[in-house]
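Residue numbers are given in the UniProt record's numbering: position 229 of the sequence shown equals residue 229, and the series is strictly consecutive.
Each residue gets a CB set at the ideal place from its N, CA and C atoms; glycine is no exception.
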Amino acid sequence: MDMEDALLMMPGPVPVTPRVLRVMSKPMINHRSAEFAGIYTDCRQILADVFQTKNDIFLLSGSGTAGMEAAVGSVAGSGDKVIAIENGKFGQRFKDLAAIYADVVPLEFEWGLPVDLEMVKEKLEEGAKAITLVHNETSAGILNPAVEIGKLAKKHDAIFIMDGVTSLGGDEVKVDEWGIDIAIVGSQKCIAAPPGMSAVSVSEKAFEAINAMKKRPYYNDLKAYKKSGDKPKPETPYTPAIPLFYAMQEALHIVKEEGMEARIKRHRSLSEAVRVAVGAMNIEMFPQLNEYSKYSNTVTAMKAPAGIDGEDIKNDMKKRGVIIAGGQERLKGKIFRIGNMGNVTARDVLSTIQQLEIVLSKRGYIDCVGAGTEAAMRVIDRV
């Protein structure tokens, strides 16, 4: 298969528009120059609208995981308790990162099950410096209750660190209103830039903790990022990935042109179209919800039909030119996932559903094709 012709429908990396790709070929510039300061400032200003925050925002030359490590490593150290909520692969990753720097209090739920807020409350009542949450757990296709956890963190004076890697730029996130002290987004998800960058917003409360820390990460030290970002010509503390900054700026201009309200609406309608389509094919959604959790609006996670391995569905789709995702670790073979992040269109979603129907028909799971595509079209047509 020619990868240039493939339709990328996984939960990141996502397709990058030609105008974003083109800007990456621009000449290199001095990363201590006024030109770079202008790019950095422009990115931060647009991201403030994406994050819905007045807090400081910094851009790191490193993926979302680098942002996660910068967050937890800059605010907590040995002897500090950090509650780490896990109900999927990336919650597990946050827990493992926190354990390198601080004393982790794990709050683990089976992957795909909702977070029990009463258990969160109990752990916070025992005392903790910080609490981590993956807002949109793409490994399980579940949207976790950031608003409620933000309220609990504030009540118990804990720093709220939220992985918004796959929700910021594609779904509603209100950093200031929700009381998020540190929020992280990745470039290659809903913002639709190439992989390799992350952005982090940091509250005054979080900076109080950061400034009091005697030991912090070296390269991902948020105190160093603030010192450099506060200069008359804002810059990063270490050499940035300049072509990725070009791409990030252009991708953010596309976000601004569409407008966040319209962008969120598009992501939500396309994810609903996928859910309705797979429902019409009698495919069961994977995550289990309660009154505080929701299905992800940027990736749909479904159980593999009885007798069919989720990896086989993924591989069959790849042969037909559509790249989707399977399950990770303990979920491998049990689920498959379809992403609708970034600049994905209705046509992309309909093409994906059409190919999925053909795959399932060839494997004998559905008798005829068309029901899923028609169901998706009804959702899309009403927007």
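Buried/exposed call for residue i, threshold 16 Cβ in 10 Å
i: residue 397; result: The structure shown does not extend to residue 397, since the chain spans only 1 to 383, so no value can be given for it.
i: MET28; result: exposed
i: VAL115; result: buried
i: GLU272; result: buried
i: THR132; result: buried
i: residue 388; result: Past the edges of the chain, shown from 1 to 383, lies residue 388, and the structure says nothing about it.
i: ASN144; result: buried
i: ASN55; result: buried
Residue i versus the options, residue with shortest Cα-Cα distance
i: THR239; options: GLU4, VAL23, SER61, CYS43; result: SER61
i: VAL72; options: LYS223, ARG378, ILE308, TRP178; result: LYS223
i: residue 395; options: VAL20, LEU59, PHE36, GLY38; result: This structure cannot speak to residue 395, because the chain is shown only from 1 to 383.
i: GLY179; options: GLU118, ALA6, THR53, LEU244; result: THR53
i: HIS253; options: GLY112, LEU7, ASP42; result: ASP42
i: ILE182; options: ASN144, TYR218, HIS135, LYS215; result: HIS135
i: MET197; options: VAL185, TRP111, ALA280, SER167; result: VAL185
i: LEU113; options: SER187, GLU122, LYS294; result: LYS294
i: VAL82; options: GLU126, ILE57, ALA66, TYR40; result: GLU126
i: VAL255; options: ASN211, LEU168, PRO217; result: LEU168
i: ASN282; options: LEU270, ALA371, ASN290; result: ALA371
i: SER228; options: TYR40, GLU4, LYS26; result: TYR40
Beta-carbon proximity of residue i to residue j, cut-off 8 Å
i: residue 384; j: ASP163; result: Residue 384 cannot be examined here, being either before or after the span of the chain that is shown, 1 to 383.
i: GLY327; j: GLY12; result: no
i: ALA98; j: LYS129; result: no
i: ALA102; j: PHE94; result: no
i: ILE353; j: THR373; result: yes
i: PHE51; j: VAL173; result: yes
i: LYS303; j: GLU284; result: yes
i: ARG375; j: ALA280; result: In the sequence as displayed, the identity of residue 375 is Ala instead of Arg. Yes, they are a contact pair.
The alpha helix (DSSP H) enclosing residue i, as first and last residue numbers
i: THR352; result: 346 to 362
i: ALA247; result: 242 to 258
Segment limits, beta strand (DSSP E) that includes residue i
i: SER198; result: 198 to 202
i: ASP312; result: ASP312 -> not in any beta strand (DSSP E); alpha helix (DSSP H) instead, spanning 310 to 319.
i: ALA301; result: 299 to 303
i: GLY77; result: Element bounds for GLY77: n/a, residue is neither H nor E.
i: residue 404; result: The question about residue 404 has no answer, for the chain in this structure spans 1 to 383.
i: LYS81; result: 81 to 86
Distance between beta carbons of residue j and residue i, contact taken as under 8 Å
i: SER296; j: GLY141; result: 5 Å
i: LEU107; j: LEU152; result: Incorrect: roughly 12 Å between the Cβ atoms, too far for contact.
i: ILE323; j: LEU7; result: 7 Å
i: PRO287; j: TYR365; result: So it is not a contact: roughly 21 Å between Cβ atoms.
i: ALA251; j: ALA192; result: 5 Å
i: MET377; j: LEU350; result: 7 Å
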